[in-house]
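To start, the structure itself, in structure tokens.
Numbering (UniProt numbering), first residue to last: 1 to 390.
Printed below as a string of structure tokens:
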């Protein structure tokens with residue numbers, strides 16, 4: 001089971017602008033993504049704190065998507081093949097090194113499966129979009145290791161015979177040191193009154209060691225006690241532990257990020273997505289910000305070609321548009337993003353009796369919605385194309 005991308009309306013709007021009908025992501029026979037309607041937040045005991053409408057339900061012009069990563073990627077790949085042609089999309093290859101010159105770049109690759117070297121590629125412009133462990137970033141900036149956060153997220157995927165809420169809702173519970181999230185990722189199953197549930201448990205853990213241990217298969221016993229703490233919560237009638245018990249494979253991901261870069265401008269080379277600004281998994285911003293990077297890069301390229309400033313002009317404008325703002329998202333997500341409402345509620349109710357805590361959550365939910373959840377949402381970067389049009 002792979003990590004599952006959430007894509008906010010800003011990201012969905014970019015996909016639409018590229019000419020990809022959102023139905024391709026939503027239709028059960030294709031991307032099968034959910035159009036997410038709301039995010040709800042509960043204490044560890046199951047007391048409701050607050051909720052927020054998102055996507056179309058919040059009045060946005062585009063939906064927020066929750067999708068299975070493989071299906072999301074397959075939809076994008078199919079569109080690339082349609083637009084670019086089979087000969088322009090080369091899979092089973094991994095970047096190994098680059099040689100940068102004044103007016104071009106030479107890239108070296110190897111076969112992913114066999115590690116056999118491939119013919120070098122000369123190009124005018126290279127974009128490294130190869131994730132947290134980006135080899136392109138390492139080639140440009142040296143061998144600096146990512147920053148370990150002291151947390152691990154355990155993820156699983158299971159099927160439930162009933163839906164939770166409207167079948168389009170993301171649910172979170174817990175506190176700063178342990179929190180649980182679950183949400184649907186199959187429109188086809190939702191239409192049948194069922195729930196393909198992607199869940200995640202984020203907890204404190206010591207450094208895992210070598211890079212090969214950053215992602216590993218886990219057992220239910222490793223997290224049973226932590227899941228039991230959230231037994232007062234029910235999603236589609238099941239506790240977090242019961243959802244995990246229905247899961248065939250649980251994978252643990254150690255959570256890393258990097259300090260914000262000072263620039264994305266490396267001459268004829270730049271970085272995009274987690275290669276440029278790896279984000280902790282809060283607020284549905286990972287896929288969103290990568291897609292918005294791509295939008296900004298496209299706008300910068302068009303502008304540079306129109307102005308005659310060439311590739312270097314394009315990279316500089318892209319860096320100016322996206323480096324500082326995405327660095328702020330990195331920092332905001334270190335503070336748990338909108339999920340910080342769980343921490344605030346836990347801290348402010350510490351030591352309260354059960355009934356007192358329940359009453360406090362009912363009385364203060366609106367304040368926390370405005371001061372924590374919406375403050376984070378309002379701080380997220382806006383589409384560069386929409387800003388230019390305004």
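Quick reminder that beta carbons are idealized off the backbone N, C-alpha and C, glycines included.
*asked:* With a threshold of 7 Å on Cβ separation, who are the neighbours of residue 229 within its own chain once the five nearest residues in sequence on each side are excluded?
replied: The sequence position of residue 229 within the chain shown is 229, counting from 1. Excluding positions up to five away in sequence, the list reads 44, 178.
*Boundaries of the beta strand (DSSP E) in which residue 159 is found, first to last residue*: Residue numbering aside, residue 159 sits at position 159 when the chain shown is read from its first letter. First-last of the beta strand (DSSP E) with residue 159: 147-160.
*Please report the Cβ distance between residue 376 and residue 286, rounded to the nearest whole angstrom; I am assuming they are in contact, meaning their Cβ atoms lie under 8 Å.*
The residue labelled residue 376 in the question sits at position 376 within the chain shown. The residue labelled residue 286 in the question sits at position 286 within the chain shown. About 15 Å separates the two Cβ atoms, so there is no contact after all.
*residue 32 - DSSP class collapsed to helix/strand/coil*: In the chain shown, the residue the question calls residue 32 occupies position 32. Residue 32: coil per DSSP, three-state reduction.
_By DSSP's criteria, residue 110 is part of a beta bridge. Which residues make up the other side?_
Counted from its first residue, the chain shown places residue 110 at position 110. Beta-bridge pairing links residue 110 to 94, 117.
*asked:* Please classify residue 184 as buried or exposed, where buried requires at least 16 neighbouring CB atoms within 10 angstroms.
replied: Against the chain shown, residue 184 aligns to sequence position 184. The residue is buried, with at least 16 neighbouring Cβ atoms inside 10 Å.
*asked:* Does chain B have any CB closer than 8 Å to the CB of residue 157?
replied: Of the chains in the structure shown, none is chain B; there is only one protein chain.
*Nearest neighbour of residue 221, chosen from 234, 213, 235, 245 [CA to CA]*: By one-based count along the chain shown, residue 221 stands at place 221. The candidate whose alpha carbon is nearest that of residue 221 is 245.
*CB contact flag (residue 188, residue 28, <8 Å)*: The residue labelled residue 188 in the question sits at position 188 within the chain shown. The residue labelled residue 28 in the question sits at position 28 within the chain shown. A contact, by the Cβ cut-off of 8 Å.
*Beta-carbon spacing of residue 208, residue 263 below 8 Å*: On the chain shown, position 208 is the one that residue 208 refers to. On the chain shown, position 263 is the one that residue 263 refers to. Contact: no.
*For residue 320, which of helix, strand or coil comes out of DSSP?*
Translated into positions along the chain shown, residue 320 becomes position 320. Helix, per DSSP.
*Ordered along the chain, which non-local residues of its own chain (more than five positions away) have a Cβ less than 7 Å from that of residue 175?*
As a position in the chain shown, residue 175 is number 175, starting the count at 1. Counting only Cβ-Cβ distances below 7 Å, and skipping sequence neighbours, we find 44, 342, 343, 346.
*Pick helix, strand or coil for residue 380, following the three-state DSSP scheme.*
For the purposes of this step, residue 380 is identified with residue 380 of the chain shown, where counting begins at 1. Correct three-state label for residue 380: coil.
_With 16 other Cβ atoms within 10 Å as the buried cut-off, status of residue 233_ = In the chain shown, counting from the first residue as 1, residue 233 sits at position 233. So residue 233 ends up on the buried side.
*How would you label residue 111, buried or exposed, when you count the other beta carbons within 10 angstroms and need 16 or more for buried?*
Residue numbering aside, residue 111 sits at position 111 when the chain shown is read from its first letter. That one is exposed.
*Quick one, are the C-beta atoms of residue 124 and residue 319 less than 8 Å apart?*
Translated into positions along the chain shown, residue 124 becomes position 124. Translated into positions along the chain shown, residue 319 becomes position 319. Taking 8 Å as the Cβ cut-off, residue 124 and residue 319 do not qualify as a contacting pair.
*In terms of alpha-carbon separation, which member of 219, 307, 306 lies closest to residue 201?*
Indexing the chain shown from 1 puts residue 201 at position 201. Ranking 219, 307, 306 by Cα distance to residue 201 puts 219 first.
*To the nearest angstrom, report how far apart residue 338 and residue 355 are at their CA atoms.*
Here residue 338 is taken as the residue at index 338 of the chain shown, counted from 1. Here residue 355 is taken as the residue at index 355 of the chain shown, counted from 1. Each residue's alpha carbon lies about 25 Å from the other.
*In this structure, does DSSP put residue 12 in helix, strand or coil?*
Walking along the chain shown from the start, residue 12 turns up at place 12. Residue state, collapsed to three classes: helix.
_Pick from 241, 32, 301 that is closest to residue 71, judged by C-alpha positions_ = Within the chain shown, residue 71 is the residue found at index 71, counting from 1. Residue 71 has its Cα closest to that of 32, out of 241, 32, 301.
*Return helix, strand or coil for residue 184, following the three-state DSSP convention.*
The count along the chain shown starts at 1 and reaches residue 184 at position 184. The answer is strand: DSSP assigns residue 184 an E or B state.
_Which of helix, strand or coil DSSP assigns to residue 54_ = Stepping through the chain shown from its first residue, residue 54 is reached at position 54. It is coil, neither helix nor strand.
*DSSP on residue 268, reduced to helix/strand/coil?*
Walking along the chain shown from the start, residue 268 turns up at place 268. Residue 268 falls in the coil class under three-state DSSP.
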